[in-house]
Amino acid sequence: MNMRGYGRSNGAASVLNAVATWKGSAFAIELETRAEVELDSSPAIRGDVPGVDTSLIERCVEKLLEHLGLEHGGRVRTFSEIPVASGLKSSSAAANAVILAALDALDMDMDLVRAARIGVEAAREVGVTITGALDDALASMLGGVVVTDNHRMSLLRRDELHCSVMLLVPDRRIFSRDTDISRSRVIAPMADLAFDLAMKGEYGRAMTLNGLAYCAALGLSSEPLILALEEGAWGASLSGTGPSYAALIDESRMDGLEESWRALGGRVIRTKANNRPASRGRGF
7 MNMRGYGRSN GAASVLNAVA TWKGSAFAIE LETRAEVELD SSPAIRGDVP GVDTSLIERC
67 VEKLLEHLGL EHGGRVRTFS EIPVASGLKS SSAAANAVIL AALDALDMDM DLVRAARIGV
127 EAAREVGVTI TGALDDALAS MLGGVVVTDN HRMSLLRRDE LHCSVMLLVP DRRIFSRDTD
187 ISRSRVIAPM ADLAFDLAMK GEYGRAMTLN GLAYCAALGL SSEPLILALE EGAWGASLSG
247 TGPSYAALID ESRMDGLEES WRALGGRVIR TKANNRPASR GRGF
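For the sequence shown, the residue numbers in our numbering are 7 to 290.
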């Protein structure tokens, strides 16, 4: 007997990249990944997303079944609005959506934080993350903005964030696993300052400090950050290890920033911060 379920989860952008100190912060955005999981009696979980490495989504379902003490094979597929390898947490969103879809197929409930941690474990095992990216996973799963200790796997703070968000997505891709960790850890003192700001709820200032520090460490341009600040953004950062940039900005100022960023090349996306949690069901 086949069991089919559905899940959806949002992408996110960085306030503080956790590579330098294992402390991280991220906020959810209104770009979504949807997943469908069909469980059966076949011997393996098979990913079905043409042109995409499906090892993470397969491992997420396997890991969930291991946690539940169940044995199933089946098929998993995803559809996403989130650019891949862009720093906008496409892997975290996919992991969350797939785990919730599998729970939907099994008609089982699970605490969202526990479900996100299973996805983090799977991401570590398949090598798509350096720190485990608990901050990215929980922002995607819970909505809002979170601060985490990725080493201790703990959620330190969560708030809602109500604002417009502008994204600049360059044409290149950067995979987290390829990041030069040693260069990133040199900026740990700056990351500590950004963490202190985030823990005070000063997310815009934390985000800008993070962006300037990581752009310098990773050899990426800080020009998008300066342009965003000139256009009135109250926070701007490199997202993850790039190549995308994100800015928190009032709706009334978005036209000016879009014009400035379009001159740099790449794709400009208008979106908003998302405060809704990930969900199961509702079809594909």
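Glycine included, every Cβ here is placed at the ideal spot set by N, Cα and C.
Rounded separation between residue i and residue j - CA only
{"i": "G217", "j": "G93", "result": "12 Å"}
{"i": "A194", "j": "S48", "result": "48 Å"}
{"i": "T50", "j": "E44", "result": "In the sequence as presented, Thr is not what sits at residue 50; that position holds Ala. Looking at the two C-alpha atoms, the distance is approximately 12 Å."}
{"i": "A212", "j": "T60", "result": "34 Å"}
{"i": "S285", "j": "G125", "result": "15 Å"}
{"i": "L270", "j": "P230", "result": "8 Å"}
{"i": "C169", "j": "L106", "result": "27 Å"}
{"i": "S228", "j": "L215", "result": "11 Å"}
{"i": "D110", "j": "Y12", "result": "6 Å"}
{"i": "G210", "j": "E257", "result": "16 Å"}
{"i": "V132", "j": "E208", "result": "34 Å"}
{"i": "H157", "j": "R130", "result": "12 Å"}
{"i": "A101", "j": "V192", "result": "30 Å"}
Element boundaries [alpha helix (DSSP H), containing residue i]
{"i": "A242", "result": "No alpha helix (DSSP H) holds A242; the beta strand (DSSP E) holding it covers 241-244."}
{"i": "A24", "result": "Counting along the chain, A24 falls outside any alpha helix (DSSP H), and DSSP gives it neither H nor E."}
{"i": "D141", "result": "140-148"}
{"i": "K95", "result": "Premise fails: K95 is in no alpha helix (DSSP H) and is neither H nor E."}
{"i": "T247", "result": "Careful: T247 lies outside any alpha helix (DSSP H) and carries neither H nor E."}
{"i": "L263", "result": "260-268"}
Under 8 Å between C-beta atoms of residue i and residue j
{"i": "L203", "j": "A239", "result": "no"}
{"i": "A26", "j": "A197", "result": "yes"}
{"i": "N299", "j": "L37", "result": "A question about residue 299 goes unanswered here, because the residues of the chain that appear run from 7 up to 290."}
{"i": "K95", "j": "A41", "result": "no"}
{"i": "T137", "j": "A99", "result": "no"}
{"i": "G241", "j": "L254", "result": "yes"}
{"i": "L167", "j": "I275", "result": "no"}
{"i": "N280", "j": "A34", "result": "yes"}
{"i": "A223", "j": "R178", "result": "no"}
{"i": "R282", "j": "G149", "result": "yes"}
Residue i - DSSP class collapsed to helix/strand/coil
{"i": "L162", "result": "strand"}
{"i": "M116", "result": "coil"}
{"i": "T60", "result": "coil"}
{"i": "V1", "result": "The shown model of the chain, from 7 to 290, leaves out residue 1, and the question about it has no answer."}
{"i": "I51", "result": "strand"}
{"i": "R18", "result": "One point to set straight first is that residue 18 is Ala, not Arg, in the sequence displayed. Reduced to three states, the DSSP call for A18 is strand."}
{"i": "S228", "result": "coil"}
{"i": "K206", "result": "coil"}
Selected residue, minimal CA-CA separation from residue i, among the options
{"i": "E236", "options": "A223, S266, M213, Y209", "result": "S266"}
{"i": "S304", "options": "L62, V153, R14, E68", "result": "Residue 304 falls outside the range modelled here, since the chain spans only 7 to 290, and no answer is possible."}
{"i": "R52", "options": "H78, E38, L254, H168", "result": "H78"}
{"i": "M159", "options": "D54, G30, T247, V192", "result": "G30"}
{"i": "A128", "options": "E38, S97, A41", "result": "S97"}
{"i": "R65", "options": "G75, P283, G207, V82", "result": "V82"}
{"i": "C221", "options": "M9, V55, P176, G248", "result": "G248"}
{"i": "G272", "options": "L140, P283, V175, A219", "result": "V175"}
{"i": "K278", "options": "R288, R268, G287, A252", "result": "A252"}
{"i": "E87", "options": "R268, A200, R14", "result": "R14"}
{"i": "A121", "options": "L71, L162, V134", "result": "L71"}
Beta strand (DSSP E) segment containing residue i, residue limits
{"i": "M172", "result": "170-175"}
{"i": "V152", "result": "151-155"}
{"i": "L167", "result": "Neither: L167 is in no beta strand (DSSP E) and is coded neither H nor E."}
{"i": "R178", "result": "Taken as a continuous stretch (DSSP letters only), R178 belongs to no beta strand (DSSP E), as it is neither H nor E."}
{"i": "L45", "result": "29-46"}
Closer than 8 Å to chain C by CB, residue i
{"i": "Y220", "result": "The structure shown contains no chain C; it holds only a single protein chain."}
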